[in-house]
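Trainee: In terms of the working numbering, the sequence shown is residues 6 to 588. Note that CB positions come from ideal geometry on N, CA and C, so glycine has one too.
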Amino acid sequence: MRWHITTNWVLGLPAFTGKGLLSCALFIGTPALTEAADLMLVGGHIYTADASVPSAEALVISGDTIVFVGSREEAEAYRKPSTRVINTEGKMVMPGFHDAHLHTFMGGRSLLGCDLAAAPDLQAVEAILSSCLEKRQQQWLVAEGLNLGFFGQSGPDLSWLNSVTDRVPMLLRASDGHSVSANTLGLEMAQISVETENPPAGIIERDESGAPSGTFRESAMSLLERHVPTMTEQDRIETMRAAIKFINQFGITSAFDAWVSASDVAAYRALEAEEQLTLRVRGALAYGHGDLFTTDTAAVYESHLEHRKALSADRFKLGAVKLFIDGVLEGETAVLLAPYLNKPGYLGELTYPQEELNKIVSDLVENDVQVYTHALGDGGVRAILDAFELAQKTHGAKDLRHQISHMQLIHPDDHGRFAELNIAANFQALWALPDEWVINLNLPVVGVDRVHRMYPIASVVESGATIVGGSDWNVSSLNPLDAIEVAILRQDWMANDALSNEELSQLDVLNRSERVDLDTMLKAYTINAAWSMHQDSVTGSLTPGKRADVVVLSKDLFAIPAQRISTVQVEQTFIDGELVYQN
6 MRWHITTNWV LGLPAFTGKG LLSCALFIGT PALTEAADLM LVGGHIYTAD
56 ASVPSAEALV ISGDTIVFVG SREEAEAYRK PSTRVINTEG KMVMPGFHDA
106 HLHTFMGGRS LLGCDLAAAP DLQAVEAILS SCLEKRQQQW LVAEGLNLGF
156 FGQSGPDLSW LNSVTDRVPM LLRASDGHSV SANTLGLEMA QISVETENPP
206 AGIIERDESG APSGTFRESA MSLLERHVPT MTEQDRIETM RAAIKFINQF
256 GITSAFDAWV SASDVAAYRA LEAEEQLTLR VRGALAYGHG DLFTTDTAAV
306 YESHLEHRKA LSADRFKLGA VKLFIDGVLE GETAVLLAPY LNKPGYLGEL
356 TYPQEELNKI VSDLVENDVQ VYTHALGDGG VRAILDAFEL AQKTHGAKDL
406 RHQISHMQLI HPDDHGRFAE LNIAANFQAL WALPDEWVIN LNLPVVGVDR
456 VHRMYPIASV VESGATIVGG SDWNVSSLNP LDAIEVAILR QDWMANDALS
506 NEELSQLDVL NRSERVDLDT MLKAYTINAA WSMHQDSVTG SLTPGKRADV
556 VVLSKDLFAI PAQRISTVQV EQTFIDGELV YQN
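#1: Would the beta-carbon of ALA429 fall within 8 Å of that of GLU490?
#2: Could you name each continuous alpha helix (DSSP H) segment of 4 residues or more that falls completely within the segment 110–180, going from the start of the chain to the end?
#3: To the nearest angstrom, how far is the alpha carbon of ASP522 from that of GLN158?
#4: Ordered along the chain, which non-local residues of its own chain (more than five positions away) have a Cβ less than 8 Å from that of ASN167?
#5: Hey, out of TYR351, TYR345, GLN413, PRO349, whose CA is closest to THR465's CA?
#6: Relative to the C-alpha of SER537, which residue among ALA275, LYS322, SER136 is closest?
#7: Between which two residues does the beta strand (DSSP E) holding THR378 run?
#8: Comparing C-alpha positions only, which one of PRO217, ASP454, SER186 sits nearest to THR201?
#9: I want to know whether the segment 300–312 touches the segment 339–347 - three or more CB-CB distances under 8 Å.
#10: Name the DSSP bridge partner or partners of VAL98?
#11: Report the residue ranges of all beta strand (DSSP E) runs contained in full by the segment 421–455; include only those spanning at least 3 residues, in chain order.
#12: With DSSP run on the structure shown, which of helix, strand or coil describes TRP478?
#13: Within 8 Å, do at least three Cβ pairs link the segment 449–457 to the segment 417–431?
#14: Can you check which of these residues, LEU146, HIS108, GLN254, is closest to VAL556 by C-alpha distance?
#15: My output table needs one value for VAL65: the three-state DSSP class, helix, strand or coil.
#16: Could you tell me which uninterrupted beta strand (DSSP E) segments, each at least 3 residues in length, are contained entirely in the segment 296–364, listed from first to last along the chain?
#17: Starting from the N-terminal side, write out each stretch of the beta strand (DSSP E) that is 3 residues or longer and does not extend beyond the segment 209–256.
#18: Going by CA-CA distance only, name the one from VAL386, VAL199, GLU360 that's closest to ARG422.
#19: Kindly give me the distance between the Cβ atoms of HIS108 and ALA263, rounded to whole angstroms, as I take these residues to be in contact under 8 Å.
#20: Considering GLU583, what are the terminal residues of the beta strand (DSSP E) in which it resides?
#21: Pick from SER410, GLN574, ARG222: whose alpha carbon is nearest that of THR378?
#22: When burial is assigned at 16 or more other CB atoms within 10 Å of the CB, is ALA37 buried or exposed?
#23: Helix, strand or coil: which one does DSSP assign to VAL473?
#24: Given a cut-off of 8 Å on the beta-carbon distance, is the pair LEU341 and LEU390 in contact?
#25: Quick one: grab the DSSP three-state call for ARG287.
#26: Quick one: what does DSSP say SER367 is sitting in, helix, strand or coil?
#27: Below 8 Å on the Cβ atoms is my contact criterion, and I expect THR258 with LEU282 to pass it. Report the Cβ-Cβ distance as a whole number of Å.
#28: According to DSSP, VAL573 sits in a beta bridge with which residue or residues?
#29: Where do the N-terminal and C-terminal ends of the beta strand (DSSP E) with LEU203 fall, by residue?
#30: Is VAL173 near GLU131, with beta carbons less than 8 Å apart?
#31: Given VAL370, which residues of its chain have a CB within under 6 Å of its CB, disregarding the five upstream and five downstream residues?
#32: Could you name the residues that DSSP lists as bridge partners for PHE261?
#33: For LEU504, which residues of its own chain have a beta-carbon under 7 Å away from its beta-carbon, when the five flanking residues on both sides are left out?
#34: Between which two residues does the alpha helix (DSSP H) holding ASN533 run?
#35: Measure how close the beta-carbons of ARG287 and ALA225 come, nearest whole angstrom, since I'm counting them as under 8 Å.
#36: Quick one: using the 10 Å Cβ neighbour count with 16 as the cut-off for buried, is PRO86 buried or exposed?
Listed below in structure tokens is the structure:
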């Protein structure tokens with residue numbers, strides 16, 4: 006079985022031939038004499054993510070387009086003296102990864118700033134901060150990626166924060182993106198005191214006297230963030246340029262930026278104008294009327310929403326609006342259907358009351374806007390599913406491909422609603438393991454039964470829903486292979502490298518019944534995610550006629566134990582047939 010494109014000299018149109026495809030040519034056969042391949046990849050396992058032809062021996066690219074997928078013998082018809090041939094020698098070729106949930110600017114800010122994400126313990130955090138303190142070039146010490154699992158339920162307190170430094174104001178951003186912590190000088194710079202009240206949908210952690218203890222959650226983060234120096238327009242462009250180069254290193258050729266501001270839109274457009282945007286990006290515009298982390302004015306938001314098509318280009322598309330439905334479990338701001346164990350009767354708080362949420366979603370759907378959401382608790386997930394269902398009843402079943410991200414908890418009664426409503430379930434599978442976040446922060450407040458049903462990936466797949474993969478970088482590892490391994494094993498990807506299959510059975514697992522297979526996760530990161538970005542007709546699978554977004558991996562993922570997947574390296578990344586990363 007193979008596909009190729011021939012040239013119809015009568016109509017001047019490409020003709021797709023092969024099983025399951027309609028031919029618009031007057032004939033099929035070998036390629037026209039003038040049609041030469043620029044690039045051929047042979048000699049390895051070619052995984053296509055296309056159900057019609059799941060695997061192949063050869064991939065042929067002409068310009069920015071895939072023209073043939075099939076046997077090596079038939080591919081030779083495309084070979085010309087100028088054709089570059091890559092023999093992958095038993096390695097794996099596949100469609101470029103799609104990360105359907107990341108934050109380019111924040112990721113770049115971590116890369117170029119004081120990054121705490123790799124610190125294995127609190128001592129390492131303190132060492133990194135000490136080094137950053139000496140190197141800082143502005144008044145504030147600002148750091149990214151603090152692991153809240155190193156602290157108690159209330160997060161870092163002033164005693165520890167001031168021990169890091171009491172000489173300069175300091176702001177530490179938590180790795181989950183839903184809290185910040187500041188020392189006493191930072192609180193003073195922001196004029197925060199015991200009289201400062203919690204803002205709507207925000208929490209200020211306090212000591213026994215009622216005074217702020219140093220950690221600020223959700224909308225309360227803005228009380229501090231607005232006092233930290235901001236970047237210039239050019240600095241933001243350079244930050245995002247660095248992030249995109251880093252993203253390409255992991256074989257990622259498309260990304261859904263899950264929260265973009267007007268400044269981000271301008272930076273993406275500038276990079277594309279400079280032909281430096283080596284990534285397809287679909288941006289979700291931050292909802293401009295009171296959402297948790299909105300920075301643009303309502304007028305700027307409305308203008309961008311109205312002109313979203315004009316602001317889009319070839320690789321950057323402004324195509325969705327982002328809503329935060331609730332917060333996170335570790336901050337006790339996720340909305341639950343049953344109370345938190347340590348707070349009798351407390352369910353968390355929706356960012357918008359249900360009636361208001363229903364209207365927001367209905368208005369967006371009426372105007373043909375894709376709705377992209379954060380919902381983490383089972384109460385938050387149900388609230389947005391209810392809003393989607395009501396909007397569908399009101400406006401009909403439009404092909405907008407709405408998404409719900411994270412879904413740490415989903416009530417079993419809601420598993421089937423994703424398929425019924427055609428909602429993409431956007432999982433961050435890397436989190437589906439019993440790490441310090443789950444054990445130290447989540448377990449005490451929700452209990453073992455709810456921990457056991459966290460991240461129900463297999464259940465949602467079995468219900469018939471479309472799942473897509475996303476990292477939430479810079480919250481967690483950008484590498485899709487890390488997340489794919491965790492989804493298969495539900496165990497710590499960093500601990501498994503040296504383990505045998507027999508030893509794996511002895512490790513702690515986060516609900517082994519929710520494990521999924523490799524093909525399911527590869528499709529989640531390729532064709533499914535492309536569908537969620539409204540670009541499955543353009544990319545997401547190795548199919549003739551689609552853009553040549555391709556990645557070469559150092560090993561065939563289907564030929565190695567699952568616990569080795571995270572050790573595989575990306576060797577080459579191509580977008581539109583152009584090499585954008587070489588290991």
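Mentor: Short version:
#1: no
#2: Counting whole runs of 4 or more residues, the segment 110–180 contains the alpha helix (DSSP H) stretches 127–140, 163–169.
#3: Distance between the alpha carbons of ASP522 and GLN158: 35 Å.
#4: ASN188, THR189
#5: One point to set straight first is that residue 465 is Val, not Thr, in the sequence displayed. The residue with the shortest Cα to Cα distance from VAL465 is GLN413.
#6: LYS322
#7: 375–380
#8: PRO217
#9: no
#10: ILE51, VAL557
#11: 429–432
#12: strand
#13: Contact fails: fewer than three Cβ-Cβ distances are below 8 Å.
#14: GLN254
#15: strand
#16: Under the rule that a run must span 3 or more residues, the beta strand (DSSP E) segments found entirely inside the segment 296–364 read 321–329.
#17: 217–223
#18: Nearest in C-alpha terms to ARG422, of all of VAL386, VAL199, GLU360, is VAL386.
#19: 6 Å
#20: 583–587
#21: SER410
#22: Unreliable placement is indicated for ALA37, whose pLDDT of 49 sits below 50; the coordinate value is still reported in the next sentence. For ALA37, the number of other beta carbons within 10 angstroms of its own is below 16, and it is reported as exposed.
#23: strand
#24: no
#25: strand
#26: Looking at SER367 - three-state DSSP - the assignment turns out to be helix.
#27: THR258 to LEU282, Cβ: 11 Å. No contact.
#28: In the DSSP output, where bridge partners are listed per residue, VAL573 has none listed.
#29: Strictly speaking, residue 203 in this sequence is Asn, with Leu absent from that position. Note, ASN203: premise wrong, no beta strand (DSSP E); not H, not E.
#30: no
#31: Correct list, in chain order: ALA396, HIS400.
#32: ARG287
#33: With a pLDDT of 47 at LEU504, under the threshold of 50, the modelled position of that residue is not reliable, and the figure given next carries that caveat. Spatial neighbours of LEU504 in its own chain (CB-CB distance under 7 Å, excluding positions within 5 residues in sequence) are listed in chain order as GLN568.
#34: 532–537
#35: That pair is no contact at about 30 Å.
#36: exposed
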